[in-house]
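Colleague: Have a look at this one before I ask anything.
Protein chains: 2
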Amino acid sequence: MRTAYREHLEAYASDLRVMSETVRAIMSNATTALLETSLDNAEEALSLADSLKEIRERCEHRSMELLALQNPVASELRQVITSIHIVEDFNRMGALAKHIANTARLRHPREVVPADLRDTVADVAKLVDEMAELIDDQLISPDADLALEVNRVDDQVDALHRFILSTVTANDWEESNRAAVDLALVGRFYERYADHCVNVASRIVFLVTGQSPEDYADQKTIQI
Amino acid sequence: MRTAYREHLEAYASDLRVMSETVRAIMSNATTALLETSLDNAEEALSLADSLKEIRERCEHRSMELLALQNPVASELRQVITSIHIVEDFNRMGALAKHIANTARLRHPREVVPADLRDTVADVAKLVDEMAELIDDQLISPDADLALEVNRVDDQVDALHRFILSTVTANDWEESNRAAVDLALVGRFYERYADHCVNVASRIVFLVTGQSPEDYADQKTIQI
Chain Z
1 MRTAYREHLE
11 AYASDLRVMS
21 ETVRAIMSNA
31 TTALLETSLD
41 NAEEALSLAD
51 SLKEIRERCE
61 HRSMELLALQ
71 NPVASELRQV
81 ITSIHIVEDF
91 NRMGALAKHI
101 ANTARLRHPR
111 EVVPADLRDT
121 VADVAKLVDE
131 MAELIDDQLI
141 SPDADLALEV
151 NRVDDQVDAL
161 HRFILSTVTA
171 NDWEESNRAA
181 VDLALVGRFY
191 ERYADHCVNV
201 ASRIVFLVTG
211 QSPEDYADQK
221 TIQI
Chain B
1 MRTAYREHLE
11 AYASDLRVMS
21 ETVRAIMSNA
31 TTALLETSLD
41 NAEEALSLAD
51 SLKEIRERCE
61 HRSMELLALQ
71 NPVASELRQV
81 ITSIHIVEDF
91 NRMGALAKHI
101 ANTARLRHPR
111 EVVPADLRDT
121 VADVAKLVDE
131 MAELIDDQLI
141 SPDADLALEV
151 NRVDDQVDAL
161 HRFILSTVTA
171 NDWEESNRAA
181 VDLALVGRFY
191 ERYADHCVNV
201 ASRIVFLVTG
211 QSPEDYADQK
221 TIQI
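Those protein sequence lines, which keep their order, are chains Z and B.
The opening residue of the first sequence carries number 1 in the UniProt record's numbering; numbering runs sequentially from there.
The opening residue of the second sequence carries number 1 in the UniProt record's numbering; numbering runs sequentially from there.
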């Protein structure tokens with residue numbers, strides 16, 4: 001591959017990793033803000049979210065540069081287009097984590113999560129960070145099988161999300177309707193964050209194998 | 001512009017318009033399903049959402065083709081990249097409208113929207129369709145000023161969304177916590193749908209003027 005192009009692409013890849021790590025830091029602070037009613041962590045999440053905007057703009061600029069200046073061939077094109085999509089996913093993940101931090105800040109010093117659901121929300125937070133970590137690993141060395149692992153964790157997130165929704169909409173819910181709404185929205189923010197991890201993983205499977213994750217998984221089953 | 005490239009681009013533009021109209025049809029059916037507890041409209045929304053998937057895949061394929069085969073120059077590149085982003089926005093808008101249809105179907109034959117909030121939800125639905133129509137016009141003849149109009153309508157959507165949220169989280173809410181959660185989520189789906197209209201409009205302003213909507217609006221103020 002041409003040296004100049006390679007250098008541009010590496011700078012872009014490095015920005016993607018910064019985005020990925022910033023997103024995880026926003027979510028980690030948002031979760032602490034939520035579960036430990038910490039205003040400091042909420043503020044830290046919001047300030048990190050601001051810095052995400054700059055990296056995103058730099059990435060958008062870089063992708064245009066790569067496409068315009070370097071005349072990429074098909075495989076390089078696929079890589080740049082994949083990155084454009086991943087930047088958008090990271091951007092939304094940052095926004096969703098920010099919503100969680102904002103909910104914690106808005107209700108402070110009151111708890112958003114009642115004692116009964118604390119462990120469930122903590123589990124969801126742990127699982128979505130596991131997914132984000134898998135994605136982060138993918139950015140260093142793309143691997144289609146590891147990407148499929150993201151889907152497996154997502155199923156667990158979906159199950160816990162359904163449990164949260166059914167708890168807050170049940171007839172025997174003893175907290176306020178405000179608490180129910182807050183939790184339903186927070187649950188949705190985590191679930192959407194996980195969905196974006198799945199998107200990123202799918203893009204990476206496609207980049208590595210030229211197949212959708214479903215086709216790739218089917219083919220593996222046939223091989224076994 | 002080269003004839004072959006122009007033909008490819010026109011086919012792509014035509015697919016984008018089909019996506020835009022399909023998304024509006026999904027949302028229109030979803031709103032009727034919601035406000036008139038119509039199962040037929042809910043089913044129609046879900047079936048239209050399936051067809052959206054195919055158009056999206058065709059669009060993704062077309063954008064790769066345009067970039068790979070035709071060696072586009074800078075302004076053409078900007079157009080293709082803009083379209084890639086718009087396809088993603090339409091895709092999400094379709095998914096959000098589908099969530100509304102699904103909520104109506106899940107609760108059928110019960111009403112999701114209590115009498116007190118019917119007019120508000122109907123107003124939100126009318127406004128977001130107005131935004132989607134403005135976007136649709138943009139696809140035929142891009143115009144930066146018309147795109148800014150989308151932002152104005154979005155402010156009204158945000159105000160109504162805040163009203164819905166404050167109503168369902170208020171102490172004097174008389175319906176169930178399930179109704180509160182359903183409405184909070186449905187409100188959020190409409191609001192996110194509107195946000196995607198704003199995204200599309202911003203992309204079009206940038207394509208036409210080379211500026212962000214904020215910079216373009218500032219510059220217009222200075223000229224006046």
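Virtual Cβ for every residue (Gly too), placed ideally from N, Cα, C.
I'd like to check one pair, Arg78(B) with Leu165(B): are the Cβ atoms closer than 9 Å?
Modeller: For the purposes of this step, residue 165(B) is taken as residue 165 along the second sequence, with counting starting at 1. For the purposes of this step, residue 78(B) is taken as residue 78 along the second sequence, with counting starting at 1. No, Cβ-Cβ distance for Leu165(B) and Arg78(B) is not below 9 Å.
Colleague: Need the endpoints of the alpha helix (DSSP H) that Val121(B) sits in, please.
Modeller: Taking the first residue of the second sequence as position 1, residue 121(B) is located at position 121. Residues Ala115 to Ile140.
Colleague: Buried or exposed: which applies to Lys53(B), given that a residue is buried once 16 or more other Cβ atoms fall within 10 Å of its Cβ?
Modeller: Looking up residue 53(B) in the second sequence gives position 53. The residue is exposed, with fewer than 16 neighbouring Cβ atoms inside 10 Å.
Colleague: With 9 Å as the threshold, decide whether the Cβ of Arg188(B) is near any Cβ in chain Z.
Modeller: Within the second sequence, residue 188(B) is the residue found at index 188, counting from 1. Yes, because at least one Cβ of chain Z sits closer than 9 Å to the Cβ of Arg188(B).
Colleague: Pick helix, strand or coil for Gly94(B), following the three-state DSSP scheme.
Modeller: Translated into positions along the second sequence, residue 94(B) becomes position 94. Three-state result, Gly94(B): helix.
Colleague: May I ask you to list, following chain order, the residues of the UniProt domain "PhoU" (123-204) of chain B that have a beta carbon less than 9 Å from some beta carbon of chain Z?
Modeller: Answer set for the UniProt domain "PhoU" (123-204) of chain B: Leu165, Val168, Thr169, Ala170, Asn171, Trp173, Glu175, Ser176, Asn177, Arg178, Ala179, Ala180, Val181, Asp182, Leu183, Ala184, Leu185 and Arg188.
Colleague: Please confirm whether His85(B) and Glu88(Z) have their CB atoms less than 9 Å apart.
Modeller: Position 85 of the second sequence, counting from 1, holds the residue named residue 85(B). Position 88 of the first sequence, counting from 1, holds the residue named residue 88(Z). Yes, the pair counts as a contact, with Cβ atoms nearer than the cut-off.
Colleague: Measuring alpha carbon to alpha carbon, tell me which residue in Gln211(B), Arg188(B), Arg203(B) and Asn151(B) is nearest Leu96(Z).
Modeller: One-based indexing of the first sequence puts residue 96(Z) at position 96. The shortest C-alpha separation from Leu96(Z) is found at Arg188(B).
Colleague: Confirm, please, whether the CB-CB distance from Leu139(B) to Pro213(B) is below 9 Å.
Modeller: Translated into the one-based positions of the second sequence, residue 213(B) becomes position 213. Translated into the one-based positions of the second sequence, residue 139(B) becomes position 139. No, these two residues do not count as a Cβ contact at 9 Å.
Colleague: DSSP three-state label for Gly187(B), please.
Modeller: Mapped onto the second sequence, residue 187(B) falls at position 187. Of the three classes helix, strand and coil, the one that applies to Gly187(B) here is helix, per DSSP.
Colleague: Taking Cβ-Cβ distances shorter than 7 Å, what residues in chain Z pair up with Ala68(B)?
Modeller: Here residue 68(B) corresponds to residue number 68 of the second sequence, with the count starting at 1. Residues of chain Z passing the Cβ test: Ala74 and Leu77.
Colleague: Count the other CB atoms within 10 Å of the CB of Thr221(B); is the residue buried (16 or more) or exposed (fewer)?
Modeller: Working through the second sequence from its first residue, we reach residue 221(B) at position 221. Looking at its Cβ environment, which holds fewer than 16 other Cβ atoms inside 10 Å, Thr221(B) is exposed.
Colleague: The alpha helix (DSSP H) that contains Asn41(Z), what's its start and end?
Modeller: Your numbering for residue 41(Z) matches position 41 in the first sequence. Note, Asn41(Z): alpha helix (DSSP H), Leu39 to Leu69.
Colleague: Return the CA-CA distance between Glu7(B) and Thr120(B), expressed in angstroms with no decimal places.
Modeller: Indexing the second sequence from 1 puts residue 7(B) at position 7. Indexing the second sequence from 1 puts residue 120(B) at position 120. When rounded, the distance between both Cα atoms is 44 Å.
Colleague: Of the residues Gly210(B), Leu34(B) and Ala13(B), which one's Cα is nearest the Cα of Leu117(B)?
Modeller: The sequence position of residue 117(B) within the second sequence is 117, counting from 1. Checked all of Gly210(B), Leu34(B) and Ala13(B); the closest Cα to Leu117(B) is Leu34(B).
Colleague: Would you mind telling me which residues of chain Z sit closer than 8 Å to Glu88(B), beta carbon to beta carbon, in chain order?
Modeller: Taking the first residue of the second sequence as 1, we reach residue 88(B) at position 88. Going along chain Z in sequence order, the residues near Glu88(B) (Cβ under 8 Å) are His85 and Glu88.
Colleague: Can you pull the chain B neighbours of Asn71(Z), defined as C-beta to C-beta under 9 Å?
Modeller: Locating residue 71(Z) in the first sequence gives position 71, counting from the first residue. The answer, in chain order, is Asn71.
Colleague: For the segment 37-70 of chain Z, enumerate the residues whose C-beta is nearer than 8 Å to any C-beta of chain B, in chain order.
Modeller: Of all residues in the segment 37-70 of chain Z, Ser63, Met64, Leu67 and Ala68 have a Cβ within less than 8 Å of some Cβ in chain B.
Colleague: What residue ranges within the segment 144-181 of chain B form continuous beta strand (DSSP E) runs of no fewer than 3 residues, ordered along the chain?
Modeller: Runs of the beta strand (DSSP E) inside the segment 144-181 of chain B: none found.
Colleague: How many angstroms separate the CA atom of Glu130(Z) from the CA atom of Asp155(Z)?
Modeller: Looking up residue 130(Z) in the first sequence gives position 130. Looking up residue 155(Z) in the first sequence gives position 155. Answer to the nearest angstrom: the Cα atoms are 13 Å apart.
Colleague: Would you please state the rounded distance, in angstroms, between the beta carbons of Val168(Z) and Ala194(Z)? I believe it to be under 8 Å.
Modeller: Numbered from its first residue, the first sequence carries residue 168(Z) at position 168. Numbered from its first residue, the first sequence carries residue 194(Z) at position 194. At roughly 19 Å, the Cβ-Cβ gap does not stay under 8 Å, so Val168(Z) and Ala194(Z) are not in contact.
Colleague: For Ile81(B), would you say it is in contact with chain Z, using Cβ-to-Cβ distances shorter than 9 Å as the test?
Modeller: Counting from 1 along the second sequence, the entry for residue 81(B) is found at position 81. Taking Cβ atoms only, chain Z reaches closer than 9 Å to Ile81(B), which makes this a yes.
Colleague: Report yes if the CB atom of residue 236(B) is closer than 9 Å to the CB atom of Arg110(B), and no otherwise.
Modeller: Nothing about residue 236(B) can be read from this structure; chain B reaches only from 1 to 224.
Colleague: Considering Cα atoms alone, identify which of Trp173(B), Val200(B), Ala132(B) and Ile100(B) is closest to Asp182(B).
Modeller: In the second sequence, the residue the question calls residue 182(B) occupies position 182. It is Ile100(B).
Colleague: Three-state secondary structure (DSSP) at Arg110(B)?
Modeller: What you label residue 110(B) is simply residue 110 of the second sequence in a count that begins at 1. Residue state, collapsed to three classes: coil.
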